[in-house]
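Structure first, commentary second.
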Amino acid sequence: MSDTFFFRIIASNGIFFEGKVQEILFRTIDGEVVLMSHHEEMIIAVDVGPLSYKTPDDQWHKAIAGVGTAQFANNRCTILLDTCELPENIDRARAEAALERAKEQARQKKSIVEYKMSQASIARALTRLKETSKRGLQ
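In the numbering used here, the protein residues as written are 370 to 507.
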């Protein structure tokens, strides 16, 4: 049995990654999930947070995922996301401004739907800021 499988990340602006991997690690609403070759078939919701994948050269690659879904079938995994970006491409000042905007929207006591959208924006901004802090980016 091969220890690799085909993996594709598709974000709203195009294909983020496509190729063979050994492992994938990402966040769901129930916790973190690790997928390896020949995993059982599944469809699962992806939550905002770090997404890591290990390529056949034993290198780990990181990305910041937005919300979406992951499907694993026939030793292939496809993840569809609203956003996906490299930690080094995050503009910290812009992420801080987005966090402040989202907090202000949450304070305005609008509908439940708008409140939930504000909470999602806050989670995304905090994740982006956390990842830039890990890398020491300014």
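Every residue gets a Cβ at the ideal spot worked out from N, C-alpha and C, and that includes glycine.
*Is it right to say residue 507 is buried, meaning 16 or more other beta carbons lie within 10 angstroms of its own, or is it exposed?*
Per-residue confidence for residue 507 stands at a pLDDT of 45, beneath the threshold of 50, marking its modelled position as unreliable; no derived number is given.
_Please list the terminal residues of the continuous beta strand (DSSP E) segment that includes residue 394._
Per DSSP, the unbroken beta strand (DSSP E) holding residue 394 starts and ends at 392-397.
*Do the region 452-461 and the region 472-490 touch if we need at least three Cβ pairs shorter than 8 Å?*
Because the criterion of three Cβ pairs below 8 Å is not met, the region 452-461 and the region 472-490 do not touch.
_For residue 449, tell me which candidate among 382, 372, 492, 374 has the shortest Cα-Cα distance._
382
*Rounded to whole angstroms, how far is the Cβ of residue 456 from the Cβ of residue 433, which I believe are closer than 8 Å?*
6 Å
*Go ahead and pull the three-state DSSP assignment for residue 485.*
If DSSP states are grouped into helix, strand and coil, residue 485 belongs with the helices.
_Report the start-end ranges of each beta strand (DSSP E) in the region 405-448 that is 3 residues or longer and not cut off at the edges._
411-415, 418-423, 429-434, 437-442
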